[in-house]
Amino acid sequence: MYKTNYSEVSEFVFLGLSTSRPMQHFLLTFSTVFYVTIVLGNLLVVLTVTFDSHLHSPMYFLLANLSFIDLCLSTLTVPKMISGLYYGQNTISFQGCVIQIFVLHVLGGSEMVLLIAMALDRYVAICKPLHYLTVMSPWMCIWLLVGAWVIGLIHSVAQLAFVVHLHFCGPNEVDSFYCDLPQFIKLACIDTYKLEFIVTANSGFISMGTFFLLIFSYIFILVTVWKHSSRGLSKALSTLSAHITVVILFFGPCIFVYVQPFPTVPMDKFLAILDFMITPILNPAIYTLRNKDMKIAMRRLSSQLLSLRKIS
268 MYKTNYSEVS EFVFLGLSTS RPMQHFLLTF STVFYVTIVL GNLLVVLTVT
318 FDSHLHSPMY FLLANLSFID LCLSTLTVPK MISGLYYGQN TISFQGCVIQ
368 IFVLHVLGGS EMVLLIAMAL DRYVAICKPL HYLTVMSPWM CIWLLVGAWV
418 IGLIHSVAQL AFVVHLHFCG PNEVDSFYCD LPQFIKLACI DTYKLEFIVT
468 ANSGFISMGT FFLLIFSYIF ILVTVWKHSS RGLSKALSTL SAHITVVILF
518 FGPCIFVYVQ PFPTVPMDKF LAILDFMITP ILNPAIYTLR NKDMKIAMRR
568 LSSQLLSLRK IS
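Under the working numbering, the sequence shown has 325 at position 58, and the numbering climbs by one with no breaks.
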């Protein structure tokens with residue numbers, strides 16, 4: 268067993284996105300507005316799917332869980348960033364940093380598997396419609412969700428296993444607004460080149476493998492539909508375009524950050540903002556604005572809430 272020594276570094280200091288106070292004030296407003304939008308948008312999706320019986324189907328079940336994970340990813344990092352921008356300084360304990368890394372990779376790994384489950388759902392719905400209710404049964408959906416969380420947990424534990432033995436004795440400034448493995452490893456008191464390569468290659472391989480698997484599955488669905496009926500191709504493409512957009516938005520930053528051992532810090536920060544603030548807003552917007560059933564259900568839920576408010 269490795270012996271860990273955490274006594275010499277008790278906390279890390281986030282350098283944040285900018286040292287300019289005017290820019291920090293702008294980023295504070297920007298991030299606050301976006302985080303509130305993320306919370307309201309994703310909660311609306313979760314509540315609508317939960318309380319509207321018309322949406323109790325596999326597709327919306329998986330969509331609600333995607334919104335929940337997006338909400339958790341943003342909550343894990345953005346409030347801490349907002350606090351740092353407000354007070355002008357942001358620190359996190361050593362244990363807090365490790366926990367943030369752990370939860371971040373659990374959520375990230377779970378979302379990757381969940382997107383694969385959503386691709387499977389669309390494949391069965393489009394290519395095997397007569398078997399849809401049999402294949403995508405409630406138990407199958409639950410097992411897919413459990414599998415997503417278990418694989419996310421295994422991925423996170425495997426990542427942390429590479430760095431649990433590291434010794435931190437001096438530098439404690441993280442040139443970012445959250446803790447992640449590449450920045451965390453660089454602060455260790457040993458030569459971490461090989462370790463950085465292993466960790467980033469691991470995440471990069473998983474991200475790229477999952478991304479290309481999803482893209483291949485969508486192409487396969489479209490080719491299958493085109494072979495059976497060229498008329499159905501436009502409808503299938505319209506249905507899958509939202510899924511493809513979400514996949515590109517999620518995996519693009521992950522692949523760029525983890526496919527190379529030493530990403531440039533400014534670009535790394537920009538991609539982190541994209542992952543934690545932009546994508547969680549776009550996901551509910553993409554799936555709801557293009558979905559007639561979701562829009563009707565949201566109006567129905569809003570009417571019910573207004574009726575309850577008037578009665579009270």
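Ideal Cβ positions, reconstructed from N, Cα and C, are used throughout, including at glycine.
Quick one: complete alpha helix (DSSP H) runs, 4+ long, within the segment 473 to 529? As far as the segment 473 to 529 is concerned, its whole alpha helix (DSSP H) runs of at least 4 residues are 498 to 525.
Using the Cβ count rule (16 or more neighbours within 10 Å means buried), how would you classify ARG288? Around the beta carbon of ARG288, fewer than 16 other beta carbons lie within 10 angstroms, which makes this residue exposed.
Bridge partners - ASN357, DSSP secondary structure assignment: Bridge partners of ASN357 according to DSSP: PHE281.
Rounding to the nearest angstrom, what Cα-Cα distance links TYR382 and CYS436 in this structure? First, the residue type needs correcting, since residue 382 is Leu and not Tyr in the sequence shown. Approximately 40 Å between the Cα atoms of the pair.
Do CYS521 and CYS446 have their C-beta atoms within less than 8 Å of each other? Taking 8 Å as the Cβ cut-off, CYS521 and CYS446 do not qualify as a contacting pair.
Since GLU378 sits in a beta bridge, which residues does DSSP pair it with? Looking at the DSSP assignment, GLU378 forms no beta bridge with any residue, so it has no partner.
VAL430 and LEU448 closer than 8 Å at C-beta: A Cβ-Cβ contact shorter than 8 Å links VAL430 with LEU448.
On the three-pair Cβ rule with 8 Å, is the segment 296 to 314 touching the segment 541 to 552? The segment 296 to 314, when compared against the segment 541 to 552, does touch it at the 8 Å Cβ threshold.
DSSP three-state assignment for GLU275, whether helix, strand or coil: Note: GLU275 maps to coil in three-state DSSP.
Relative to the C-alpha of VAL370, which candidate in ALA425, GLY471 and ALA509 has its C-alpha closest? For the set ALA425, GLY471 and ALA509, the Cα lying nearest the Cα of VAL370 is the one of ALA425.
LEU573 to HIS321, Cα distance in whole Å? Distance between the alpha carbons of LEU573 and HIS321: 20 Å.
For VAL431, does the three-state DSSP call read helix, strand or coil? Note: VAL431 maps to coil in three-state DSSP.
Within its chain, find whatever has a CB closer than 8 Å to the CB of PHE336; leave out the 5 residues flanking it on each side and keep chain order. First, the residue type needs correcting, since residue 336 is Ile and not Phe in the sequence shown. Closer than 8 Å at the Cβ level, and outside the excluded window around ILE336, lie LEU374, SER377, GLU378 and LEU381.
Which same chain residues end up closer than 6 Å to MET326 when comparing Cβ atoms and leaving out the 5 residues on each side of it in sequence? So the list reads ASP388, once near-sequence residues are dropped.
Option nearest ALA564 by Cα separation, candidates THR317, MET290, VAL391 and THR546: For ALA564, the closest alpha carbon among the candidates THR317, MET290, VAL391 and THR546 is that of THR317.
I'd like the span of the alpha helix (DSSP H) that includes ILE548, first residue to last. Where ILE548 is concerned, the enclosing alpha helix (DSSP H) stretches over 546 to 556.
From ILE545, ALA392 and GLY519, pick the residue whose C-alpha is nearest to that of LYS502; which is it? Minimum Cα-Cα distance from LYS502 among the listed residues ILE545, ALA392 and GLY519 corresponds to ALA392.
Nearest by alpha-carbon distance to VAL276: which of LYS494, MET290, TYR353 and SER360 is it? It is SER360 whose Cα lies nearest to the Cα of VAL276.
Neighbourhood of TYR390 by C-beta distance below 7 Å, restricted to the same chain and skipping five residues each side: Excluding positions up to five away in sequence, the list reads SER484 and ILE488.
Ordered along the chain, which non-local residues of its own chain (more than five positions away) have a Cβ less than 8 Å from that of THR299? For THR299, where only same-chain residues beyond five positions count, the Cβ hits under 8 Å are ILE349.
Considering only residues of the same chain and omitting the five flanking positions on each side of LEU548, which have a CB-CB separation below 7 Å? Reading off the sequence shown, one finds Ile at residue 548, where the question assumed Leu. Only PHE301, THR304, ILE305 and GLY308 meet the Cβ criterion.
Going straight from the alpha carbon of LEU541 to that of SER505, what length do you get? Approximately 24 Å, taken between the alpha carbons.
Under the assumption that ALA384 contacts LEU481 (Cβ atoms under 8 Å), give the Cβ distance between them as a whole number of angstroms. That belief does not hold up - the Cβ atoms of ALA384 and LEU481 are roughly 11 Å apart, past 8 Å.
Can you give the Cα-Cα distance for LEU282 and LYS536, rounded to whole angstroms? LEU282 and LYS536 have their C-alpha atoms spaced approximately 11 Å apart.
Put ARG567 into one of helix, strand or coil per three-state DSSP. Three-state result, ARG567: helix.
Which residues mark the beginning and the end of the alpha helix (DSSP H) in which THR315 is found? First-last of the alpha helix (DSSP H) with THR315: 288 to 318.
Beta-carbon proximity list for PHE478, same chain, < 6 Å, skipping 5 on both sides: Cβ within range, chain order: PHE518.
When the distance is taken between beta carbons, is GLU463 closer than 8 Å to VAL280? No, Cβ-Cβ distance for VAL280 and GLU463 is not below 8 Å.
Taking the alpha carbon of ARG566 as the point to measure from, which residue in THR286, GLU278, ASP319 and ALA509 has its own alpha carbon closest? That would be ASP319, whose Cα lies nearest to the Cα of ARG566.
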